[in-house]
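Residue numbers (the working numbering), protein chains in the order written: chain V, 1 to 208; chain Y, 1001 to 1386; chain S, 2001 to 2154.
The beta carbon of each residue, even a glycine, is placed where N, CA and C say it ideally should be.
For clarity, every value in this text was computed on a predicted model and none was experimentally measured.
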Amino acid sequence: MTGQSSYVLTSMDRIMNWARANSLWPLAFGTSCCAIEMMMSSMASRHDLSRFGAEVVRPTPRQADLLILAGTIVKRMAKPLRVLYEQMPEPRYVIATGACTISGGPFTYNSYTTVRGADEIIPVDVFVPGCPPRPEALIYGIMTLQKMIKTGEAYGQPYQRRRPITAALPPGMTQAQLQKEIAEFLEAHATIDVDKAAHNNRWEKERY
Amino acid sequence: MSLEIRTLSEIMNPPQTADSPLSTQEYFVNMGPQHPATHGVLRLVLKMDGETIREVIPVLGYIHRSIEKMAEYLHGRQIVHLTDRMDYLSALANNWAVSRAVETAMGVQTNPRIETIRTLICELQRVQSHQLWWGVLGLDLGALTSFFYGFRDREEITDILEETTGARLTMNYIQPGGLMFDLHPNFVPRVKAFIKYFRPKLDEYETLLSENVILQERLRNVGVLSAEDAIGYGATGPVLRASGIPLDLRKQQPYGVYDQVEFSVPVGTVGDCWDRYWIRIEEMRQSLGIIEQLIDNIPDGKFMEMKPAAKLKLPAGSFYLQIETARGSLGVFLQGTGEDIPHRCHFRSPNFNNLWSVTKTAVGGKIADLVAIVSTLDLVIPDVDR
Amino acid sequence: MTDAELFAKLQEVDARVVQLPNCRPLAVEVPVGFLLAFMGKLKSRPDLRFIQLLDHLAMDWPEKNEFELVYQLYSIEHDLLLAVHTRISRESPYALTMSRLWPIAQYQEREVFDLFGILYEGHPDLRRLFLEDDWVGFPLRKDYKDYFMLEMPE
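Here it is in structure tokens:
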């Protein structure tokens, strides 16, 4: 009986992670230039983020589970940002877009207010480099986060600091290649085979 | 001699007075810094009496990146890339403003090709900026469709600009002495195709949003800014023109090749949100007209007049040059001391000066009106804070 | 109107104005004591009518031990630009507010107070603008030191 229940639980974990990954609700949080590209990718019709289930942009953190940090964070914004993050329900994920949120970017030197790296304030899952990152790059970052969530890596563990992953578009990648990859990703990850997923689970194999 | 320096918390927590039990209590509402209708991280502290706004206290600094301090360590060509990130919706006009200030200080003359391309590309970006404003205005007032329409057409211009400048948003294209690159060969045919595509779309915008009764009710006679107040509060650009002052730097102090093209400056009569709305729609038409006049007449010549590695020595003296961006006049102040790094670099941001009229116009209205007012002021907060 | 004509007019207003060399637009310097009266005349004289204050900023000159205040004025009627400079001491950085003439001066002066620490007498609401109320120091002064700030490596 115990074996049965653990079998169900791990499958549930899989299904939950799959559901979470495919219904990310971002918070409309933009401080500067990257916010425009975020709007271009999330809501505008060309780069439709709803293909990834992540288009329901919420204005309040209490309904959101993905915080896309778009733009420079300065000292004065650090406190409100922390409050926003704390208000989001678990599990919550953070994508930091743009050079400013990664390292301070163009405002690293000789600036008395810019926070050099948003991960000094809140834990970040995925960094998306660019100044500002193209919508394709942001979509690539969201795809990376989805893969992380599905493998259980980004599962929100309270008080546990993870190292952020940098999701840069591979150099020399053309738009056609990227579109092909996105199409393959959508095809492969839009459905889940529960039995297969459960049997492929490493933890299960070790047990039996 | 001493002055009392107050703090925001002292204003928001006034000392308690013994009121009569019948008097209403005023309270404070924080709008922002994280609010979808303030276009970024603007924080407005509202003193409310019931549902009526009694006082608006804008609180800034949530994206103050100390650009002016950084500019004291950089030379003219390096300052340009910081200005992209100030008002990112008219990045090219910002580049031009700094380039013009540096060129004027150093006495550099640019050839007609450079000036024509600058004018052309800035007008293209003015259309792009107004498209975004139009889409977001609809979103703020509760109409999602305009957002899709505006962004769909904005993407067309973004593609054209990306082909020539190499970036979608922070272009860094106009440099002191010329341009970063020459025009892409596809630029002229694609711009022509875009004008052909966008003119009917602009009429579609009008049928979709302008003729909507709800929009008219939300905008007409809301946030009336008189001409006197507009001047006193330092408003420029469409905000000032909506109040009935026909002031456009492109006409008054022509720069670039604006003196060779024909266009009219739309001027409002009432100064309410509706005037600010249709002036921007009309400006898009005028900008398309300017582009049409110039696109076939780009003269030949070099695209850079200076050596890219040449040191930019600013002579001793102060220089203040203005450019009409999509939001108003952007002024760049440079104080040179004979070295390549300016002693002081200051930006007169159009958004910073346009913002303060909200303390006048929103008083007595409701919060929903405030959203319409802030939206039609078309603020870009990183430009306010710099 | 050329710069020379405008300067002649300004000398009619006040004979103590000095033209600053190599500036664009025309820049004049006025002693700080006469500044408010001078500005009032600039705004009200019918042949000048500088009714818009475009910009106000300060500059720090530590070697001269002075702050330089700059007012950029614009006359819509006559299409004139003018920069008015004045100098105040660095030890007692007091200036008179222009907010009675131009309401926008209130907010531009708050910015200058925030970044340079110049105190404007008669200002209705002198507070920090961009930085927090408990910020120490005035960052755009040349001698501002901040352990947080990184210097650009050579």
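| Item | Value |
| --- | --- |
| Reduced DSSP category for Ile165 (chain V) - H, G, I as helix; E, B as strand; rest coil | strand |
| Neighbour flag for Arg82 (chain V) against chain S, beta carbons, 7 Å | no |
| Extent of the continuous alpha helix (DSSP H) to which Trp2061 (chain S) belongs | Unbroken run through Trp2061 (chain S) is the beta strand (DSSP E), 2052-2061; no alpha helix (DSSP H). |
| Below-7 Å beta-carbon distance, Met88 (chain V) vs any chain Y residue | no |
| Under 7 Å between C-beta atoms of Ala99 (chain V) and Cys131 (chain V) | yes |
| Rounded C-alpha distance that separates Met66 (chain V) from Tyr1062 (chain Y) | First, the residue type needs correcting, since residue 66 (chain V) is Leu and not Met in the sequence shown. If I take the Cα positions, the gap works out to 21 Å. |
| Helix, strand or coil at Cys1345 (chain Y) [DSSP, three-state] | strand |
| Closest residue to Ser1066 (chain Y) among V:Tyr112, V:Glu181, V:Gly53 (Cα-Cα distance) | V:Tyr112 |
| Cβ-Cβ distance between His1075 (chain Y) and Leu1240 (chain Y) below 7 Å | no |
| Own chain, CB closer than 6 Å to Ser2099 (chain S), minus 5 neighbours either side, in chain order | Ala2105, Gln2106 |
| Simplified DSSP assignment, three categories, for Ala1143 (chain Y) | coil |
| Sub-7 Å separation of Gly1289 (chain Y) and Phe1263 (chain Y) beta-carbons | yes |
| Min CB distance Tyr140 (chain V) to chain Y below 7 Å | no |
| Interfacial residues, the segment 170-182 of chain V to chain Y, with Cβ spacing under 7 Å | none |
| Chain-order list of residues whose beta-carbon lies under 6 Å from that of Ile1057 (chain Y) (same chain, five-residue window excluded) | Val1045 |
| Of the listed residues Y:Met1171, Y:Ala1242, Y:Ile1381, nearest to Gly1223 (chain Y) (C-alpha basis) | Y:Ala1242 |
| Neighbour-count burial assignment, Pro158 (chain V), 16 or more Cβ in a 10 Å radius | The predicted position of Pro158 (chain V) is uncertain, since its pLDDT is 48 and thus under 50; a value taken from the coordinates is nonetheless stated next. Its Cβ having fewer than 16 others within 10 Å, Pro158 (chain V) is exposed. |
| The beta strand (DSSP E) enclosing His2085 (chain S), as first and last residue numbers | 2080-2089 |
| Chain V within 7 Å of Met2149 (chain S), Cβ atoms only | yes |
| Beta carbon of Asp960 (chain Y) nearer than 7 Å to that of Ser1375 (chain Y) | One cannot answer for residue 960 (chain Y) here, as it falls past the ends of chain Y, which runs 1001 to 1386. |
| CA-to-CA distance, Ser1146 (chain Y) to Leu1209 (chain Y), given in whole angstroms | 7 Å |
| Within chain V, the residues that Met2152 (chain S) reaches when beta carbons sit closer than 9 Å | Thr108, Tyr109, Asn110 |
| Selected residue, minimal CA-CA separation from Asn1030 (chain Y), among Y:Leu1370, Y:Leu1379, Y:Val1384, Y:Val1380 | Y:Leu1370 |
| Pro2139 (chain S): contacting residues in chain V (beta-carbon distance under 9 Å) | Tyr112, Thr113 |
| Cα-Cα separation between Gly156 (chain V) and Met148 (chain V), rounded to whole angstroms | Model confidence at Gly156 (chain V) stands at a pLDDT of 48, short of 50, so the residue's coordinates are unreliable and nothing is read from them. |
| Per-residue DSSP class, three states only, for Gly1328 (chain Y) | strand |
| Within 7 Å, strictly: CB atoms of Met61 (chain V) and Leu24 (chain V) | Per the sequence shown, the amino acid found at residue 61 (chain V) is Pro instead of Met. No, they are not a contact pair. |
| Distance between beta carbons of Glu1282 (chain Y) and Pro1308 (chain Y), contact taken as under 8 Å | Pro1308 (chain Y) to Glu1282 (chain Y), Cβ: 39 Å. No contact. |
| Helix, strand or coil at Glu55 (chain V) [DSSP, three-state] | coil |
| Classification of Gly284 (chain V) by the beta-carbon crowding that lies within 10 angstroms, buried from 16 upward | Nothing can be reported for residue 284 (chain V): it is not among the residues displayed for chain V, which extend from 1 to 208. |
| C-alpha distance - Leu1380 (chain Y) paired with Met173 (chain V), whole-angstrom precision | Going by the sequence as given, residue 1380 (chain Y) is Val instead of Leu. In a straight line, the C-alpha of Val1380 (chain Y) is about 33 Å away from that of Met173 (chain V). |
| Residue span of the beta strand (DSSP E) that contains Arg1276 (chain Y), given as start and end | Here Arg1276 (chain Y) belongs to no beta strand (DSSP E); instead the alpha helix (DSSP H) covers 1273-1295. |
| Per-residue burial, Asp2079 (chain S) [other beta carbons within 10 Å of its own, 16 or more giving buried] | exposed |
| Helix, strand or coil at Asn1354 (chain Y) according to DSSP, with G and I counted as helix | helix |
| Given 8 Å, three or more beta-carbon pairs between the segment 1047-1054 of chain Y and the segment 1360-1367 of chain Y | yes |
| Integer-rounded CB distance, given that Arg1085 (chain Y) should sit under 8 Å from Cys34 (chain V) | Incorrect: roughly 10 Å between the Cβ atoms, too far for contact. |
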